[in-house]
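Novice: Have a look at the structure that comes next, please.
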Amino acid sequence: MADDKSNAAAYWKANVRLITGCLIVWALVSYGFAILLRPLLSGIPVGGTDLGFWFAQQGSILTFIGIIFFYAWRMNKLDAQYGLGE
Amino acid sequence: MSQFAINLLFVGASFALYIGIAIWARAGSTKDFYVAGGGVHPITNGMATAADWMSAASFISMAGLLASGGYANSSFLMGWTGGYVILAMLLAPYLRKFGKFTVPDFIGDRFYSTPARIVAVVCLVVASVTYVIGQMTGAGVAFSRFLEVSNTWGIWIAAFIVFLYAVFGGMKGITYTQVAQYIVLIIAYTIPAVFIALQLTGNPIPMFGMFSTHTESGLPLLEKLNSVLNELGFRDYTADVDNKLNMVLFTLSLMVGTAGLPHVIIRFFTVPKVADARWSAGWALVFIALLYLTAPAVASMARLNLLTTVYPDAAGQVENYEEALDNALVYEERPEWIRTWEETGLIEFTDLNNDGRIQVYNDANPDFEETAEARGWEGNELEVNNDILVLANPEIANLPGWVIGLIAAGGIAAALSTAAGLLLAISSAISHDLIKNTINPNITEKGEMLAARLSMAGAILLATYLGLNPPGFAAQTVALAFGIAGASLFPALMMGIFSKRVNSKGAVAGMLAGLIATLLYIFTYLGWLFIPGTNMLPNTPDNWILGISPLSFGAVGAMINFAVAFTVSNATEEPPQEIQDLVESVRYPKGAGGAIDH
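Chains A and B supply the protein sequences, listed in that same order.
Mapping of the first sequence onto full-length UniProt numbering: position 38 corresponds to residue 38, and the numbering continues sequentially without gaps.
Mapping of the second sequence onto full-length UniProt numbering: position 573 corresponds to residue 573, and the numbering continues sequentially without gaps.
Put into structure tokens, the structure is as follows:
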């Protein structure tokens, strides 16, 4: 029982760590590159405008898709590793 | 065949398809009515979620707002997609493991009290009704144009059809109809965009065309657009915003709102396994992204097309626009689409300087007054409602009649699918959570279905009435609904999973604080219950606190919710042991059954 508990706690800790990492990337592309850091990226031209504009209108969406699939894939591995899957 | 007949044919044929599917997969039991039997594949479910999600706001209204706001309105794009990341990681898998039907079910059980359940029902109903108002606005625009009636009639017709549709559907019918609707709406959205991208840039893929060269002038498309806008006193399309705080909060509001919206969350109860809930969120975003990556291209290209319709000679210019601008479109020679939209009242022309030509420019820009005066312009003469842009897009680009019919069918599908999903969420909250689980547990299955249908009827009447004088364009009204959901439901759901310490009192206080603060802020600027003329302060940036727009306040509301919930919880007793065990159990996929009834 104690083992089950510490195993479950470790699984949850790993999950929270993974979520934190994914959320950092999520915030960086949207709030970072597309909004707050846009002036810093203004020197990088993309098709008639700058990189920040591209992140705001397309780049962040593409990154979001990548994050969700990465998370789903990693979590499936964690489920199996800790024996907590279905 | 006339355009009117083509539109009817496309709209009629697509409806026949949805109704056929709905009859084929008719809901048999209450469980089917709410969650489609819990056995839907992640890709199917992702597609249905995408259809549920992409409403009149995304389909009809969003590109229009992007076109008029340019970069500043990118929040709609990031907010309405970034929310899925939060949903996939912070809510969907755990709510699926919890295995009940509705959002108030989770909140009521996790916070072990009837008040928590009732407050959740209230939050859900307020957010969903606001959302339906936005749908009615959008559907009204679509119906008024394609049936060639006034906007008011358009809204009433839309209400009638949405009602019929939602009442006889239920989730099971809806899941497969939603898949058909997704296919219709994505084809309808992309085909005109591909044609227009080809016309303007020679690149058939709109998302790439937007960043490539405008064939007629040889400039990059966005640069060309900026230069025409500058000549007319508008800000650059790609110009940065001054108030970044507001843009950040607006984006955040839309994201947390996405994760807090009941009709999207309910979708994740319908997949067989917890892992599937994660994949489902990913697939939903893939299907949504197909439209969301095309939308900014549609917006920028339509804006350019609209301006070069009014100033035909400006299309090929690189500089020296004067002559092209003098040679503005003669009103009597205006294209057919302007005439037809004028009948709906959504385009209005006033010849202010009596020269018989149409002038479009930014008459609100004080720095531009001198230039305008020198050109003999006496004000902007063409008022174009933002919400018509996508629907008028194929006509503006002179595309064939069947493309116009297709977009009519797509726009109506988008509005109907979402309105139906929302009405379902409202009706299940009232009949299931409020009546069956709180007021009268002995209600028969028949009685519950009747209550569900009556609450749908009530919700739609209210939303239609308020939709006649909407608080904003379709996408803006919908953004308000997101703010409300994000400020009230999202924090309660998230804390319910990630904190064992937050108790019943904390959650109730938090939800109420978030909901009330957000509603007060919104009503202050947009009128009590959105009734025009009852606002306490004019809705302009200099009246907003720290320049935070009512659309962005949901993020602040959510922070208030979190802060209040933690403070109250820490000052009161810990949740009972069985609740802490419940929280523990939703965190692990092991042992998840199908979604269960009570």
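Backbone N, C-alpha and C define an ideal beta-carbon position, used for all residues, glycine too.
None of these values were measured; they are calculated from a predicted model.
#1: Does any CB atom of chain A fall closer than 9 Å to the CB of GLY37 (chain B)?
#2: Could you tell me the alpha carbon to alpha carbon distance between GLU86 (chain A) and ILE187 (chain B), rounded to whole angstroms?
#3: Report yes or no: do three or more beta-carbon pairs, one from the segment 414-424 of chain B and one from the segment 44-63 of chain B, lie closer than 8 Å?
#4: Assign PHE160 (chain B) to one of two classes, buried (16 or more other C-beta atoms within 10 Å of its C-beta) or exposed (fewer than that).
#5: Please report the residue range of the beta strand (DSSP E) in which ILE430 (chain B) lies.
#6: Looking at the unbroken alpha helix (DSSP H) that takes in VAL298 (chain B), where does it start and where does it end?
#7: Please report the residue range of the alpha helix (DSSP H) in which VAL126 (chain B) lies.
#8: Name the DSSP beta bridge partners of ASP326 (chain B), please?
#9: Report the partner residues of VAL384 (chain B) according to the DSSP bridge assignment.
#10: Per DSSP, what kind of secondary structure is ASP109 (chain B) in: helix, strand or coil?
#11: Taking 8 Å as the limit between beta carbons, can you name the residues of its chain near GLY83 (chain A), skipping five residues before and five after?
#12: Can you tell me whether LYS172 (chain B) is buried or exposed, with buried defined as 16 or more other CB within 10 angstroms of its CB?
#13: Could you say which of B:GLY376, B:THR344, B:GLY405, B:PHE368 lies nearest to ASP387 (chain B) if we only look at CA atoms?
#14: Quick one: residues in its chain with C-beta nearer than 6 Å to the C-beta of SER212 (chain B), no 5 flanking neighbours on either side, listed in chain order?
#15: Using CA coordinates, which residue listed in B:ILE497, B:ALA419, B:TRP377 is at the minimum distance from ALA139 (chain B)?
#16: Could you tell me how far apart the beta carbons of ASN561 (chain B) and ALA475 (chain B) are, in whole angstroms, since I believe they sit closer than 8 Å?
#17: For chain B, is any of its Cβ atoms less than 9 Å away from the one on ASP79 (chain A)?
#18: Are the CB atoms of VAL478 (chain B) and GLY134 (chain B) within a distance shorter than 9 Å?
#19: I'd like to check one pair, LEU537 (chain B) with THR518 (chain B): are the Cβ atoms closer than 9 Å?
#20: Kindly list, in the order they appear in chain A, the residues whose Cβ is closer than 8 Å to that of ARG96 (chain B).
#21: Looking at the structure shown, is PRO206 (chain B) part of a helix, part of a strand, or coil, going by DSSP?
#22: Thinking ALA429 (chain B) and VAL40 (chain B) are a contact (beta carbons under 8 Å), I'd like their distance in whole angstroms, please.
#23: Where does ASP50 (chain A) sit, in a helix, a strand or coil, going by DSSP?
#24: When the Cα of ASN503 (chain B) is compared with those of B:VAL556, B:PRO576, B:GLY533, which residue comes out closest?
#25: For the segment 69-85 of chain B, which residues have a CB atom closer than 7 Å to at least one CB atom of chain A, in sequence order?
#26: Considering Cα atoms alone, identify which of B:SER55, B:ILE19, B:MET207, B:LEU329 is closest to ILE61 (chain A).
#27: So the alpha helix (DSSP H) THR258 (chain B) belongs to, where does it begin and stop?
#28: GLU336 (chain B): which of B:ALA592, B:ALA397, B:ILE196 sits nearest, CA to CA?
#29: Against chain A, which members of the segment 235-253 of chain B pass a CB distance test of less than 7 Å?
#30: Pull up the distance between the alpha-carbon of ALA245 (chain B) and that of GLY447 (chain B), whole angstroms please.
#31: Beta-carbon within less than 7 Å of THR152 (chain B)'s beta-carbon, same chain only, minus the 5 sequence neighbours each way: which residues are those?
#32: Beta-carbon within less than 6 Å of GLY37 (chain B)'s beta-carbon, same chain only, minus the 5 sequence neighbours each way: which residues are those?
#33: By the three-class DSSP mapping on this structure, what secondary structure does LYS172 (chain B) have?
#34: Starting from PHE368 (chain B) and walking both ways along the alpha helix (DSSP H), at which residues does that stretch end?
#35: Can a CB atom of chain A be found closer than 9 Å to the CB of ARG303 (chain B)?
#36: Any heavy atom of the ligand COA inside 8 Å of the beta-carbon of TRP279 (chain B)?
Specialist: Taking the geometry as given:
#1: Confidence in GLY37 (chain B) is poor, its pLDDT being 48 and thus under 50, which makes the residue's placement unreliable; the coordinate value appears in the next sentence. Not closer than 9 Å to any Cβ of chain A, the Cβ of GLY37 (chain B) fails to qualify, so no.
#2: 37 Å
#3: yes
#4: The residue in question, PHE160 (chain B), is exposed, as its Cβ has fewer than 16 Cβ neighbours within 10 Å.
#5: No beta strand (DSSP E) contains ILE430 (chain B), which DSSP labels as neither H nor E.
#6: For VAL298 (chain B), the enclosing alpha helix (DSSP H) has its first and last residue at 274-310.
#7: The continuous alpha helix (DSSP H) containing VAL126 (chain B) extends over residues 114-146.
#8: DSSP lists no partner for ASP326 (chain B).
#9: B:ILE347
#10: helix
#11: Excluding residues within five positions, the ones whose Cβ falls inside 8 Å are ASN7.
#12: With a pLDDT of 48 at LYS172 (chain B), under the threshold of 50, the predicted position of this residue should be treated as unreliable, and no value is reported.
#13: B:THR344
#14: THR201, ASN203
#15: It is B:ALA419.
#16: The pair is not a contact, with the Cβ atoms about 24 Å apart (cut-off 8 Å).
#17: yes
#18: yes
#19: no
#20: Correct list: empty, because the minimum Cβ distance to chain A is about 11 Å.
#21: helix
#22: At roughly 21 Å, the Cβ-Cβ gap does not stay under 8 Å, so ALA429 (chain B) and VAL40 (chain B) are not in contact.
#23: strand
#24: Per the C-alpha coordinates, the member of B:VAL556, B:PRO576, B:GLY533 positioned closest to ASN503 (chain B) is B:PRO576.
#25: TYR71, SER74, LEU77, MET78, THR81, GLY82, TYR84, VAL85
#26: Nearest option by C-alpha distance: B:MET207.
#27: Where THR258 (chain B) is concerned, the enclosing alpha helix (DSSP H) stretches over 244-260.
#28: B:ALA397
#29: THR238, ASP240, LYS244, MET247, VAL248, THR251
#30: The amino acid occupying residue 245 (chain B) in the given sequence is Leu; Ala does not appear at that position. Cα to Cα, LEU245 (chain B) sits roughly 49 Å from GLY447 (chain B).
#31: LEU468
#32: With a pLDDT of only 48 at GLY37 (chain B), under 50, the local geometry of the prediction cannot be trusted, and the value read off the model is given with reservation. For GLY37 (chain B), where only same-chain residues beyond five positions count, there are no Cβ hits under 6 Å.
#33: Residue confidence is low: LYS172 (chain B) scores 48 on pLDDT, short of 50, so the model does not pin down where it sits. Its coordinate-derived value is still stated next. LYS172 (chain B): helix per DSSP, three-state reduction.
#34: Where PHE368 (chain B) is concerned, there is no enclosing alpha helix (DSSP H), given that its DSSP letter is neither H nor E.
#35: no
#36: Judged by which ligands are present, the structure shown has none, so any question about the ligand COA falls away.
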